[in-house]
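Visitor: In terms of this note's numbering, the sequence shown opens at residue 27 and continues consecutively.
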Amino acid sequence: MKAFWKGNISAELLYINYGAVQFTAYRLTNQSLKPFHLPNGAEAFISGAVAGALATTLTYPLDLLRTRFAAQGPDRVYASLRAGIRDIRREEGARGFFQGLGAGVAQIVPYMGLFFSAYETLRPLLATLSLPFGSGDAIAGVLASVMAKTGVFPLDLIRKRLQVQGPTLTRYAGGKIPVYGKGVWRTGRSVVRREGWRGLYRGLGVGLVKSAPASAITMWTYERALKVMKEWEEISVDV
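1) For Leu151 versus Ala170, is the C-beta distance shorter than 8 Å?
2) Please determine if the region 199 to 210 and the region 177 to 188 are in contact, where contact requires at least 3 C-beta pairs separated by less than 8 Å.
3) In terms of residue numbering, what span does the alpha helix (DSSP H) encompassing Asp163 cover?
4) Who does Tyr198 pair with in a DSSP beta bridge?
5) Does Ile203 come out as helix, strand or coil in the three-state DSSP assignment?
6) Is the region 49 to 62 touching the region 90 to 100 in the sense that three or more CB pairs, one from each, lie closer than 8 Å?
7) Are there 16 or more other CB atoms within 10 angstroms of the CB of Met138, so buried, or fewer, so exposed?
8) Enumerated in chain order, which unbroken segments of the alpha helix (DSSP H) with a length of 4 residues or greater are wholly contained in the region 64 to 126?
9) Please list the terminal residues of the continuous alpha helix (DSSP H) segment that includes Gly45.
10) Say the cut is 7 Å; is the CB of Arg250 nearer than that to a heavy atom of the ligand NAP?
11) How should Trp246 be labelled, buried or exposed, when 16 other C-beta atoms within 10 angstroms of its C-beta is the threshold for buried?
12) To which residues of the same chain is Ser156 closer than 8 Å at the C-beta, ignoring the five residues directly before and after it?
13) Is the beta carbon of Phe62 less than 8 Å from the beta carbon of Phe142?
14) In angstroms with no decimal places, state the Cα-to-Cα distance between Met255 and Phe95.
15) I think Val190 touches Ala105, with their Cβ atoms under 8 Å apart; what is that distance to the nearest whole Å?
16) Grouping DSSP H, G and I as helix and E and B as strand, with all else coil, what is Arg228?
17) So, are the CB atoms of Ala153 and Gly162 less than 8 Å apart?
18) Helix, strand or coil: which one does DSSP assign to Pro150?
19) Who are the Cβ neighbours of Leu230 in its own chain at under 6 Å, not counting the five residues just before and after it?
20) Start and end of the alpha helix (DSSP H) containing Trp211?
21) Three-state secondary structure (DSSP) at Pro193?
22) Give the DSSP-derived three-state secondary structure of Leu155 in the structure shown.
23) So what does DSSP say about Met27, is it helix, strand or coil?
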C-alpha cells in the first residue's frame with residue numbers, strides 16, 4: 027500500500043510552495059493588467075501563464091524529486107528526500123535539479139493560461155445557478171482543468187520522461203524507460219516513433235482523475251479565502 031504514496035513528502039512541499047507562488051503571482055499580474063483594459067479572457071490567460079511559469083521555475087526541484095520518487099521500483103534509487111537532494115547534487119550538479127525545465131515551462135504556460143481563462147469565463151455563468159456551498163467555483167475548476175490538461179498533456183508527459191533522465195535512469199520502472207535526446211522536440215519525436223501518437227497521451231485518464239478534483243478544491247478554497255480577505259480589508263478601512 028505504501029507504494030501509492032511514493033514521493034508524497036516532496037509532492038506536499040511542492041503543492042504548498044507552488045500554490046503560494048502561483049496565486050500571489052496571478053493576483054499581482056491580474057491587478058497590474060487592469061489599466062490596459064484587456065478582455066477578461068486575455069487578462070486571465072496572461073496572468074495564469076505568468077503565474078504558472080514563475081511558480082514552476084521556483085519549485086521545479088521539488089517537482090523533479092516527486093517524479094523520481096514515484097518512478098522508483100523495489101530498487102530504491104534514493105533512500106530519503108535528503109539523500110535524493112544530496113545524490114543529485116553530487117552526481118548531476120545544480121543543473122540536475124532542473125532536468126526537463128524547458129518542457130515544464132512550455133507545458134505550464136499554455137496550461138495555466140487556458141485554465142484561468144476557461145475558469146474566469148465559466149465561473150460567472152455557473153454563479154447564476156443555485157448550487158450548494160458555492161460549488162459553482164468547484165465545477166468551473168473541474169471543467170477548466172479537464173480542458174487545459176487534455177490540451178497540453180503531451181508536454182506534461184515529455185516533462186516527466188525528461189525528469190528521470192540521467193545516471194540513475196536504468197533504475198527506474200524496471201529499467202524500461204528509454205534514453206531521450208536533449209530537448210522537448212527530440213523527446214516528443216522519440217515518443218511518437220516508439221509508441222505512436224497515442225503514446226503522447228499515455229496516462230491522460232489518471233492525470234484527469236487527479237487534476238480535476240484537485241482543481242475543484244483549490245479554486246473553491248481560493249474564492250472563499252479571497253472573499254474573507256476582502257471582508258477583512260473592508261473592516262480595517264471602516265475602523
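Here a beta-carbon is modelled for each residue, glycine too, at the ideal position from N, C-alpha and C. For clarity, every value in this text was computed on a predicted model and none was experimentally measured.
Guide: In brief:
1) no
2) yes
3) Gly162 to Gln189
4) Gln98
5) coil
6) no
7) buried
8) 66 to 97 and 107 to 118
9) Asn34 to Ser58
10) As for the ligand NAP, it is missing from this structure, which has no ligand bound.
11) buried
12) none
13) no
14) 37 Å
15) Actually they do not touch by this definition, with Cβ atoms about 17 Å apart.
16) coil
17) yes
18) helix
19) Phe179
20) Val210 to Glu221
21) coil
22) coil
23) coil
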